[in-house]
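J.: Sharing a structure, written as structure tokens. Questions coming.
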Amino acid sequence: MTDKELHYKKLERMYLKSASINLSFFETTTLKIEASKATVSLEIGPKYYHALGAIHGSVYFKLLDDAAFFAVNSIVHDVFVLTTNFSINIVRPVSKGLITAIGKVKFSSTNLWIAESSIIDYKGKEIAFGTGHFARSKVPLTPEIGYSLK
């Protein structure tokens, strides 16, 4: 396994096994990281609905942000990055099936990254998209925050 592939696997494990929100609420989430790209999937069900029976906007935001965030952190190997701004656009509601967010880095500099992400439903239709700005934190990627293979 290359150093880059090892980095991706550690980030994936950190997300899936160390992030409390994913362990307690978004437990069906999956994550796949590649260079400058990340894909997050979630099986939608009633626990994610608002009063009208479709998923709440916070679910759209979480998946869009997570996909864009991990696309950026795929190319930042030493520290955790932070979302400093994120704008979302919800195109259509969804209430069932697997939804998948795909994030890609669009701009990269020393201390600022911009990434875009979109969510498609189980039929392949885009249901939301967004753009985020990300910055370096002072938190190193270490086993203490779950950045490991164990």
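Mind the numbering: the sequence shown is residues 143 to 292 in my numbering, read in order. The C-beta atom is built at its ideal place from N, Cα and C for all residues, glycine as well.
1) Give a yes or no on whether the C-beta atoms belonging to Leu224 and Ser183 are separated by under 8 Å.
2) Taking Glu268 as the reference, give the member of Lys280, Pro235 and Ala277 with the closest Cα.
3) Helix, strand or coil for Ile217? Go by DSSP, reduced to three states.
4) Which class does Arg155 belong to by DSSP, given the choice of helix, strand or coil?
5) When DSSP labels each residue in this structure, what does Asn227 get in the three-state scheme?
6) Would you mind sorting Met143 into buried or exposed? The rule is 16 or more other CB atoms within 10 Å of its CB.
T.: According to the data block:
1) By 1-based counting over the sequence shown, the position of residue 224 is 82. By 1-based counting over the sequence shown, the position of residue 183 is 41. No, they are not a contact pair.
2) Counting from 1 along the sequence shown, the entry for residue 268 is found at position 126. The candidate whose alpha carbon is nearest that of Glu268 is Pro235.
3) Your numbering for residue 217 matches position 75 in the sequence shown. If DSSP states are grouped into helix, strand and coil, Ile217 belongs with coil.
4) Locating residue 155 in the sequence shown gives position 13, counting from the first residue. Helix, per DSSP.
5) Here residue 227 refers to the residue found at position 85 when the sequence shown is read from its first residue. Asn227: strand per DSSP, three-state reduction.
6) By 1-based counting over the sequence shown, the position of residue 143 is 1. It is exposed - the Cβ of Met143 has fewer than 16 other Cβ atoms within 10 Å.
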